[in-house]
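K.L.:
Last residue of the sequence shown: 401 (our numbering), numbering continuous. Even for Gly, the Cβ is constructed at its ideal location relative to N, Cα and C. None of the values given here were measured: they were computed from a predicted structure. Structure provided below as structure tokens; questions to follow.
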Amino acid sequence: IGMVMVWTMTLSRPTARLCDFRPTATLLGPRTVSAIAFPVITSILAMVSAEVLLWSHDWYERLAPITDIHLLPSLWMLRGDNYDSAIGVLVLLTALANTAYVNTYGGSFR
């Protein structure tokens, strides 16, 4: 999929009319800071709300995977076999995909 997407990027051509605004050139400008802060804040809110929803169920038992399971360090992958890890991965992958999509300025500025 990645190779096909990179190939389609090479087929891009400039538009007849340029965009009214330009990409940011300042390191700490409002657009740059908001582009960094918004995904971080929404990811934290999504993670907290998903964890609270999970913790509210009667069948869920809170677990500290480092101290409660008593697994050998070589069995590290078994520590992630819980509901909390699945929520964390879903939030992380959703945030990364959305950030990658939003931060591709190319279409607007060509």
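Exposed or buried, V339, counting other C-beta atoms within 10 Å across all chains shown (16 or more means buried)?
P.N.:
exposed
K.L.:
What do you reckon, are the CB atoms on Y351 and Y374 nearer than 8 Å?
P.N.:
yes
K.L.:
Could you tell me the distance, in whole angstroms, from the CA atom of R401 to the CA atom of L302?
P.N.:
Per-residue confidence for R401 stands at a pLDDT of 46, beneath the threshold of 50, marking its modelled position as unreliable; no derived number is given.
K.L.:
Buried or exposed for V324, going by 16 or more other Cβ atoms inside 10 Å?
P.N.:
exposed
K.L.:
Using a Cβ-Cβ cutoff of less than 8 Å, which residues in the same chain neighbour A388 once the five nearest sequence positions on both sides are dropped?
P.N.:
Taking C-beta separations shorter than 8 Å and ignoring five residues to either side along the sequence, A388 has no partners in its chain.
K.L.:
Inspect the CB distances between the region 361–379 and the region 328–347 and report whether three or more fall short of 8 Å.
P.N.:
yes
K.L.:
With distances taken Cα to Cα, identify the nearest neighbour of D372 among P305, A386, I360.
P.N.:
I360
K.L.:
Keeping to the same chain, check which residues put their C-beta closer than 7 Å to that of S334; ignore five residues upstream and five downstream.
P.N.:
V382, A386
K.L.:
How many Å lie between L345 and T306 at the Cα?
P.N.:
48 Å
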